[in-house]
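> I am attaching a structure below and will ask some questions about it afterwards.
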Amino acid sequence: MDEWLSHNKNNLSRDTIRDAVRTVAQIADFDAEYNEGLREVRGDVSLGHALGVAGTPTVFVNGVRMPSDALVERIRIAATFELQRQQRQTRTTRKAL
């Protein structure tokens, strides 16, 4: 389904999506799920805009949006920093006990 959506992203409508869901994903009850699904997607899009998301993937580490250039290296650095910070907090807490 992801591949179909990617290839057809400029021609999406309720009817084209309904047909694809039936044929590609083999889901018969699309109409029953459409309105709820659309509400959820619109909510996700609104949240993404509010958070400054311009595309996917967009990664956040502790609430900080990571720039897409050199993303893997920045994630590694941020994760290492956070792990070290937590280890320092744990040592400080143990010493206080």
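The opening residue of the sequence shown carries number 1052 in my numbering; numbering runs sequentially from there. Note that CB positions come from ideal geometry on N, CA and C, so glycine has one too.
Report buried or exposed for residue 1068, applying the criterion of at least 16 other Cβ atoms within 10 angstroms of its Cβ.
Residue numbering aside, residue 1068 sits at position 17 when the sequence shown is read from its first letter. The residue is buried, with at least 16 neighbouring Cβ atoms inside 10 Å.
> What is the DSSP secondary structure of residue 1104, counted as helix, strand or coil?
As a position in the sequence shown, residue 1104 is number 53, starting the count at 1. Coil at residue 1104, not helix or strand.
> For residue 1075, does the three-state DSSP call read helix, strand or coil?
The count along the sequence shown starts at 1 and reaches residue 1075 at position 24. Three-state result, residue 1075: coil.
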